[in-house]
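Q: Residue numbers (our numbering): -9 to 548. Just so you know, even glycine gets a beta-carbon here, dropped at the ideal spot from N, CA and C. If you're wondering where the values come from, they're calculated on a predicted model, not measured in any experiment.
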Amino acid sequence: MSLEMTPTSDGNYVTVGPVIRRDPIGAWVGIDIYLNKVDGAGGLIWSSQIAQFGPQGAGNSFPLSVTETTDASGATNGFAITGMLSAAGNQEPVFIVTTDNNGIPTGYNSYGGNLPIAGANIGTLAGIGAQIIQDHQGHLVVCGSMLLSDFVGQVPFILVVHQDLSLNFLRLYHDVRYLNNLFGFDVRSHFADIEVILESPNSTLPAGYVVVGSTQQIGAPLTEIIVMRTDMGGNPVAVSVYGPENGNSRGTAIEVTSQGQLEVAGLVRETTGSPPATRVLKLDPNNLNILDQDQYYGFITLGDIREADNGDFLLSGRGAFDADGAILRIENDGTLVFGNGYGGPNVELFFDTHEMPDGHLYASGITTTWCRGPIDEYLTRAKSDGTVPGCNVYDLNIDPATPSDPGRETWMELQDLDKVTNHAKELMDPGTIARRICPWPVIVVHPWPWDWFIRADFNRDLAVDIADVVANLSHQFNGGEASIPEEAADANGDGVVDISDAIFGLAYLFNDGAVPPAPFEAPGPDPANNQGNIFVLEELPQALAGFNLMMQLLELGL
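1) Can you tell which of F52, L530, P146 and Y101 has the C-alpha that lies nearest to the C-alpha of L339?
2) Can you tell which of A228, N300, T114 and D375 has its C-alpha closest to the C-alpha of K409?
3) Cα-Cα, which of Y332, G128, G102 and Y352 is closest to N382?
4) Suppose you measure from the CA of G1 to the CA of A353; what does that come to, to the nearest Å?
5) Cβ of A70 within 8 Å of Cβ of L160?
6) Expressed to the nearest angstrom, what Euclidean distance is found between the alpha-carbon atoms of N336 and I524?
7) Select from V28, I35, I40 and T(-4) the residue whose C-alpha is nearest the C-alpha of A8.
8) For T59, I'd like the list of residues in its chain whose CB is within less than 8 Å of its CB, leaving aside the five on either flank, ordered along the chain.
9) So does I40 have its beta carbon nearer than 7 Å to some heavy atom of the ligand COA?
10) Classify P53 as buried or exposed, calling it buried when 16 or more other Cβ atoms lie within 10 Å of its own Cβ.
11) Classify T291: buried if its beta carbon has 16 or more other beta carbons within 10 angstroms, exposed otherwise.
12) Between G293, M346 and P517, which has its C-alpha nearest G315's C-alpha?
13) Looking at I107 and S139, is the spacing between their C-beta atoms short of 8 Å?
14) Could you tell me if L(-7) is buried or exposed, where buried requires 16 or more neighbouring beta carbons within 10 angstroms of its beta carbon?
15) Just the C-alpha distance for I21 and F500, rounded to the nearest angstrom, thanks.
16) Please tell me whether I317 and T343 are closer than 8 Å, where the distance is taken between their beta carbons.
17) My output table needs one value for Q251: the three-state DSSP class, helix, strand or coil.
18) Determine the burial state of N236: buried for a count of at least 16 other Cβ atoms within 10 Å of its Cβ, exposed for fewer.
19) Rounded to whole angstroms, what is the Cα-Cα separation between S38 and I423?
20) Throw me the rounded Cβ distance for the I184 and Y199 pair, which I believe falls under 8 Å.
21) Taking all protein chains shown into account, decide if Q532 is buried (16 or more other Cβ within 10 angstroms of its Cβ) or exposed.
22) When you compare each of G128, A48 and N104 to Y98 by their alpha carbons, which one comes out closest?
23) Thinking M74 and G102 are a contact (beta carbons under 8 Å), I'd like their distance in whole angstroms, please.
24) Express the C-alpha separation of S248 and F173 in angstroms, rounding to a whole number.
25) Check the DSSP bridge columns for E245 and list the partner residues they point to.
26) Apply the 10 Å Cβ neighbour rule to G307 and answer buried if 16 or more other Cβ atoms are within range, or exposed otherwise.
27) Does the separation of the CB atoms of P379 and P429 fall below 8 Å?
28) Give the range of the alpha helix (DSSP H) segment to which G465 is assigned.
29) Determine the contact status of P191 and Q283, defining contact as a CB-CB distance below 8 Å.
30) Which partner residues of H180 appear in the DSSP bridge assignment?
31) Is T262 closer than 8 Å to A182 when the C-beta atoms are compared?
32) Which residue's Cα is closest to the Cα of L386: G223, R319 and I148?
33) For the segment 478 to 493 against the segment 443 to 456, are there 3 or more C-beta pairs whose distance is under 8 Å?
34) Just confirm the distance between the C-beta atoms of S230 and V217, as a whole number of angstroms; I'd bet it's less than 8 Å.
35) Have a look at R178, N158, Q127 and A391 and flag the residue whose alpha-carbon is nearest the alpha-carbon of D165.
36) Between the Cα of M402 and the Cα atoms of H180, S473 and A504, which residue gives the shortest distance?
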């Protein structure tokens, strides 16, 4: 999986997501951090799997965000990752991991603690680090939320640490409209994205951070988008909420634009029961007043919002009425440029899209079609108009609208936590394989998962004939392409692709030899693969529910 992609100073990209670690018989034993450095054509430069070992067990790292880091001189010195420790009841559930420039881990700490409220024993039960950045002072900055003991409430936070991962501050926030009990009670709020905002000559406000997320009173039907601006110490200087006053909305991404304004993306679910729509707000950076707002039916945003060189904005997600990965491009004034879907017959989702130096668009996410097992990482490079020559692209038929919901003010109560735990870490080899999906002259696409196959059908044309034997020999001895998947070439089913498979195939075709083992009569999965496949979107959270990941799935919009 790729849940975020960050450009690197050398012109490449690094993606981050979770990878499932399995024992020799295929059972899940943990979740690790999965980093891939890729070039602009999808070529793999290096791949890193980072396992965690801590006081509450091993293999609990569910990463969500990555950023490239620099040292005091401005030279790049690696990457920083944040996410959630998925072990239930973790008192320090939000982690930050640092690596060198090659993805080798250099530090692993997690953060949390108990609220400093006299007479109350309220700690953190779970937490999620949703986004990590590096500010202009060199600090690593994370936003997210923490679930408190006994499920009394969920509060957002800003976490700021030094590059050695020592704590600067961890500050929790409570929407004062819902502060009718102790701090953290009866509220469900989350920060999904954070950016640095510098001082402006046209404003008296200090430099600091801007965050976006959602806020709600537990038990109430209304959920709102919340935006907060703070100083560098995380103290609020402006807070506002947005969205329909009789619906559900949540903020997912924020960008400080080249013009100094704030561009906010989020989801709005109205009472009609229709799929969520994407809302984009343009805000004054000083008072957070609405300058413009637009809504897009037919597209569900799941990731960041990023400004292109010409002032357009790029959003990543999926189609509202299918499960294709999707890119939405809009002009600065909200005018729709395009909304396109990309993918196969099963589930694809995009979580990030970057504009490349040549104007092309580079999107990353997940696929359950072009995969080995349930889920794999999925990269697509499109032209600036969203097309991918030689590949299928789908028009999402976006319906734009112009809402008029007013902004509303609120404020935040603050509390600090201070507990830090160091974890051991281990670098593993994930054995990553990169494969181009399209454009490709040989691959035949079928309405079944990418890792299903007919044994001995090397060229995937649903027939076993001499062409498959020739292709197998060409692959083994003349540098030809491998079969898709590799197991299809294992004609005799002995677990090894070698000359014996070509001999077996010839004997079957011309000498009344044995029939290839299953799957043969019809396409199917490898009998040795017990991971299963995902066919519809509803199966995605089911596949991960056993690993205490429902909080992440909620925030990812799945």
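A: Taking the structure as given:
1) Taking only the C-alpha atoms, the option nearest L339 is L530.
2) T114
3) Y332
4) 15 Å
5) No. Outside cutoff.
6) 7 Å
7) With the sequence shown as reference, residue 8 is identified as Pro, and Ala is not the correct amino acid for it. Residue I40 holds the alpha-carbon nearest to the alpha-carbon of P8 among V28, I35, I40 and T(-4).
8) Excluding its 5 nearest sequence neighbours in each direction, T59 has C-beta neighbours in its own chain below 8 Å: T66, N67, G68, F69, A70, T88, Q124, L130 and Q153, listed in chain order.
9) This structure simply doesn't include the ligand COA, nor any ligand for that matter.
10) That one is buried.
11) The Cβ neighbour count for T291, taken over all protein chains shown within 10 Å, is at least 16; the residue is labelled buried.
12) G293
13) no
14) The C-beta of L(-7) has 16 or more other C-beta atoms within 10 Å across all chains shown, which makes the residue buried.
15) 48 Å
16) yes
17) coil
18) exposed
19) Going from the Cα of S38 to the Cα of I423 covers about 12 Å.
20) 6 Å
21) When all chains shown are included, Q532 counts as exposed.
22) For Y98, the closest C-alpha among the options G128, A48 and N104 is that of A48.
23) In fact, because the Cβ distance is near 11 Å, the residues do not count as touching under 8 Å.
24) A straight-line Cα-Cα distance of about 37 Å links F173 and S248.
25) DSSP lists E253 as partners of E245.
26) buried
27) yes
28) The question names Gly, but residue 465 is His in the sequence shown. In the DSSP assignment, H465 falls within the alpha helix (DSSP H) that extends over I456 to N468.
29) In this structure, P191 lies away from Q283, with their beta-carbon atoms at least 8 Å apart.
30) S204
31) In terms of Cβ geometry, A182 and T262 do not form a close pair [threshold 8 Å].
32) Comparing Cα positions, the closest option is R319.
33) yes
34) 6 Å
35) R178
36) H180
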